[in-house]
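J.:
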Amino acid sequence: MGNGGFLHCAASSDYVMDHLVEHLIDAGWTKEAEALATDVRWMLARLRQRGPNAVASDLELAGTPGTLRFAADVARAAHLLGPTDPSHSLEAILCNRLGPLRRWKSVFASFSPHKPALCNAWLPPDLPDPALKRTLTGHSGAARFVAFSADGTRLITGDDEGTVRHWSTSTGQLLQTFTGPSHELQSVAFSADGSRLGGANDRGSVRLWNVASGELLSKLTGPVGPVKSLSVSLDATRVATVVEGFRVCLWDATSGVLKKTCTTRVDDMDLTGTDSARRMNLVVLSPDGACLATGDNVGRVHLWNAASGRSQGTLPAGFRGAVRSMAFSPDGTRLAAGGRDGTVRIWDAADRKLLHTFRGLTSPVWSVAFSPDGTRLAAGANDGTVRLWDATTGTPLRTFSGHNSSVVSIAFSADNAYLATGDRDGSVRLWDAATGERVRATAGLNGPMTAVAVKPSGAFLAVASASDVRLLDAATGALLDTLHAGSSEVK
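Next up, the structure:
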């Protein structure tokens, strides 16, 4: 039976279409399975039935080096291969995105769209970087945050309309959309075990959700004012926030009780004062929750005792301009920060000694992240560039390109294999951290992304925007769920 026969048999049954390639392989008909999975007519039928993830899945099941490359190409273009109006335009889009690629020419050689269509004679100028894995769509505003779950199976994205989305990193599927406060979200973060998700807005509200069910677990209430930054301790028992730029608040994540507000003076800065030039804009908790680091608008990084709220000093060699990003190493021994001046610095967190100053980025550094093993440091800049360094030696390792706006969030998967980045236009990209290959991308978030987090298992990630949190399947980029936060920004 040729492909035409298979297509005819499968057309009347979703079950047959979903499992035909699998059954052919199980029967030992591997060549037939490969021929079917690479038949443009079959791909179009699967696109209309289940979407691009089904096409990529069939190609991956075929399992040859060629079909695996085809699957990666489909994943890169997945955000363009959804339902169209008119419906027959899908054929033209498929032909234009994949047909010009050299390895696809033989596949499309015998296929012609059923309706008149404009087809590229040359390679399109906007083909994705080979390092792109997937583009995730859904946010309509700037994607301000991306964060992997600790296991790397999920991704959180957030935009400036208050939406946080939870995605599967393997499929790109949207798992959940989280909603909460109807104001601008400022920050999102997973708990270490991936079971809890925290989100803070610009009115002082902090919410904790159950990731599996999407249930709102608690609302942390305290000082009223924009929450500029949020951090969750490794054991998920404490949450730290910067409110209004002058107060650092430490919360009990279980009870929702405000445990402490830091009011100690640091140098000439009073945390309860009104000097906007010196206001803090970032806070990060050390992995053990014992230390707080804050960054201010004049380029200084301060350390605090999280239990007492007392200052532990200011780190040397500050930035020229505001501190824009900070991250502790997984073992808590080092602290990295990125500045408005385009530099990235690493300090020893215990003795406060400056270890490295990384240069090479030419615009403000909006995001930094250590790999889970602490060997690498990634930074995202205002010009859309992402750079990777050896965190021990300071050696530059790789530059990732592909974003068209500021990279405002960045996160590694738990196995160190992938890097998720989110930009101000709402696009999330998933990269192979070793090769620089783009694995997946997602676009269409409701405005600028505000944060990204990866679940510990790596299966999905959460992306926060201003109004919701989206859960994405990390492998396919599919939207799994959306947790709504209202009409303003999740940060």
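In the UniProt record's numbering, the protein residues as written are 1 to 491. Every residue gets a Cβ at the ideal spot worked out from N, C-alpha and C, and that includes glycine.
For Leu176, name the three-state secondary structure that DSSP assigns.
T.: Taking the sequence shown and counting its residues from 1, one reaches residue 176 at position 176. Correcting the residue type first, residue 176 is Gln in the shown sequence and not Leu. Strand, per DSSP.
J.: Use the C-beta contact count for Leu303: other C-beta atoms within 10 angstroms, 16 or more gives buried, fewer gives exposed.
T.: Working through the sequence shown from its first residue, we reach residue 303 at position 303. Burial call: buried.
J.: Alpha carbon to alpha carbon, how far is Ala349 from Arg334?
T.: Taking the sequence shown and counting its residues from 1, one reaches residue 349 at position 349. Taking the sequence shown and counting its residues from 1, one reaches residue 334 at position 334. One C-alpha to the other measures close to 5 Å.
J.: Any contact between the segment 76-88 and the segment 27-38? By contact I mean 3 or more CB pairs, one from each, below 8 Å.
T.: No, the segment 76-88 does not touch the segment 27-38.
J.: Could you tell me whether the segment 35-51 touches the segment 90-103, where touching means 3 or more Cβ pairs closer than 8 Å?
T.: They touch, by the three-pair rule.
J.: Based on Cα-Cα distance, which residue from Gly321, Ser329 and Leu471 lies nearest to Pro372?
T.: Taking the first residue of the sequence shown as position 1, residue 372 is located at position 372. The option with the nearest alpha carbon to Pro372 is Ser329.
J.: Using the three-state DSSP reduction, which class does Asn53 fall into: helix, strand or coil?
T.: Translated into positions along the sequence shown, residue 53 becomes position 53. Three-state DSSP puts Asn53 in a helix.
J.: Tell me which same chain residues have a C-beta within less than 7 Å of the C-beta of Val284, skipping the five on either side of it?
T.: Walking along the sequence shown from the start, residue 284 turns up at place 284. So the list reads Ser231, Ala293, Met326, Ala327 and Phe328, once near-sequence residues are dropped.
J.: Considering Cα atoms alone, identify which of Gly321, Arg320 and Asp296 is closest to Thr314.
T.: For the purposes of this step, residue 314 is taken as the residue at position 314 of the sequence shown. When only C-alpha atoms are compared, the closest one is Asp296.
J.: Check Val74 in the structure and name its three-state DSSP category.
T.: In the sequence shown, the residue the question calls residue 74 occupies position 74. Here Val74 sits in helix by DSSP.
J.: Could you check which residue in Arg50, Ala369, Leu7 and Asn281 has the C-alpha nearest to that of Asp390?
T.: On the sequence shown, residue 390 is found 390 positions in, with the first residue counted as 1. Looking at the Cα atoms, Ala369 is the closest of the given residues.
J.: Check for me: the alpha helix (DSSP H) holding Cys95 runs from which residue to which?
T.: Translated into the one-based positions of the sequence shown, residue 95 becomes position 95. Start and end: Ser89 to Leu98.
J.: Could you give the distance in angstroms between the alpha-carbon of Phe412 and the alpha-carbon of Thr153?
T.: Reading the sequence shown from its first residue, position 412 is the one you call residue 412. Reading the sequence shown from its first residue, position 153 is the one you call residue 153. Each residue's Cα considered, the two are about 11 Å apart.
J.: Does the separation of the CB atoms of Arg352 and Pro396 fall below 9 Å?
T.: Your numbering for residue 352 matches position 352 in the sequence shown. Your numbering for residue 396 matches position 396 in the sequence shown. Cβ distance not < 9 Å, so Arg352 and Pro396 don't count as in contact.
J.: Just curious, the alpha helix (DSSP H) that Thr30 is in, first and last residue?
T.: Along the sequence shown, one-based indexing puts residue 30 at 30. Thr30 to Ala37 is the extent of the alpha helix (DSSP H) around Thr30.
J.: What runs of the beta strand (DSSP E), each 3 residues or longer, lie entirely inside the segment 382-414?
T.: Within the segment 382-414, the complete beta strand (DSSP E) runs of at least 3 residues are 386-390, 396-400 and 407-412.
J.: For Leu174 and Leu471, I'd like the C-alpha separation in whole angstroms.
T.: For the purposes of this step, residue 174 is identified with residue 174 of the sequence shown, where counting begins at 1. For the purposes of this step, residue 471 is identified with residue 471 of the sequence shown, where counting begins at 1. Rounded to whole angstroms, Leu174 to Leu471 spans 5 Å at the Cα level.
J.: Would the segment 398-415 count as touching the segment 135-148 if we require 3 or more Cβ pairs under 8 Å?
T.: The segment 398-415 vs the segment 135-148: in contact.
J.: Report the three-state DSSP secondary structure of Ala62 (helix, strand or coil).
T.: Taking the first residue of the sequence shown as position 1, residue 62 is located at position 62. Residue state, collapsed to three classes: helix.
J.: Please tell me whether Ser187 and Val227 are closer than 9 Å, where the distance is taken between their beta carbons.
T.: Along the sequence shown, one-based indexing puts residue 187 at 187. Along the sequence shown, one-based indexing puts residue 227 at 227. Cβ distance < 9 Å, so Ser187 and Val227 count as in contact.
J.: What is the C-beta distance between Thr385 and Thr399, in whole angstroms, given that I count them as a contact (C-beta under 8 Å)?
T.: Looking up residue 385 in the sequence shown gives position 385. Looking up residue 399 in the sequence shown gives position 399. The pair is a contact, with the Cβ atoms about 6 Å apart (cut-off 8 Å).
J.: What first and last residue would you give for the alpha helix (DSSP H) that runs through Asp26?
T.: As a working note, residue 26 is residue 26 in the sequence shown. It spans Asp14 to Asp26 - the alpha helix (DSSP H) in which Asp26 sits, taken as one unbroken run.
J.: Between which two residues does the alpha helix (DSSP H) containing Val107 stretch?
T.: Here residue 107 is taken as the residue at index 107 of the sequence shown, counted from 1. Per DSSP, Val107 belongs to the alpha helix (DSSP H) from Lys105 to Phe108.
J.: Select from Asp341, Met17 and Ala379 the residue whose C-alpha is nearest the C-alpha of Thr362.
T.: On the sequence shown, position 362 is the one that residue 362 refers to. When each option's Cα is compared against that of Thr362, the closest is Asp341.
J.: Run through the DSSP bridge pairs and tell me what Ser218 is partnered with.
T.: Stepping through the sequence shown from its first residue, residue 218 is reached at position 218. Answer is Leu208.
J.: In this structure, how does DSSP classify Trp42 when only helix, strand and coil are distinguished?
T.: On the sequence shown, position 42 is the one that residue 42 refers to. Trp42 falls in the helix class under three-state DSSP.
J.: Which residue marks the beginning of the beta strand (DSSP E) containing Val164, and which one marks its end?
T.: Stepping through the sequence shown from its first residue, residue 164 is reached at position 164. Here the beta strand (DSSP E) through Val164 covers Asp159 to Trp167.
J.: Jot down the residue ranges of each uninterrupted beta strand (DSSP E) in the segment 275-343, minimum 3 residues, whole runs only, in chain order.
T.: The segment 275-343 contains these whole beta strand (DSSP E) runs: 280-285, 291-296, 301-305, 311-314, 323-328 and 334-339.
J.: May I ask you to report which of helix, strand or coil DSSP gives Thr375?
T.: Against the sequence shown, residue 375 aligns to sequence position 375. Looking at Thr375 - three-state DSSP - the assignment turns out to be coil, as it is neither helix nor strand.
J.: Under three-state DSSP, which class holds Arg144?
T.: To locate residue 144, count along the sequence shown from 1; it is residue 144. Arg144: coil per DSSP, three-state reduction.
J.: In angstroms, rounded to a whole number, what distance separates the CA positions of Ala72 and Leu354?
T.: Position 72 of the sequence shown, counting from 1, holds the residue named residue 72. Position 354 of the sequence shown, counting from 1, holds the residue named residue 354. In a straight line, the C-alpha of Ala72 is about 41 Å away from that of Leu354.
J.: Helix, strand or coil for Arg102 per DSSP?
T.: Stepping through the sequence shown from its first residue, residue 102 is reached at position 102. In this structure, Arg102 counts as helix in the three-state DSSP scheme.
J.: My guess is that Ala401 and Arg424 are in contact by the Cβ rule of under 8 Å, so how many angstroms apart are they, rounded?
T.: Walking along the sequence shown from the start, residue 401 turns up at place 401. Walking along the sequence shown from the start, residue 424 turns up at place 424. Inspection of the sequence shows that residue 401 is occupied by Ser rather than by Ala. Actually they do not touch by this definition, with Cβ atoms about 16 Å apart.
J.: Beta-carbon within less than 7 Å of Arg324's beta-carbon, same chain only, minus the 5 sequence neighbours each way: which residues are those?
T.: Within the sequence shown, numbered from 1, the residue matching residue 324 stands at position 324. Closer than 7 Å at Cβ, skipping near neighbours: Gly338, Gly339, Arg340, Pro364, Val365 and Trp366.
J.: Pick helix, strand or coil for Leu80, following the three-state DSSP scheme.
T.: For the purposes of this step, residue 80 is taken as residue 80 along the sequence shown, with counting starting at 1. Of the three classes helix, strand and coil, the one that applies to Leu80 here is helix, per DSSP.
J.: Buried or exposed for Pro65, going by 16 or more other Cβ atoms inside 10 Å?
T.: Locating residue 65 in the sequence shown gives position 65, where the first residue counts as 1. Exposed.
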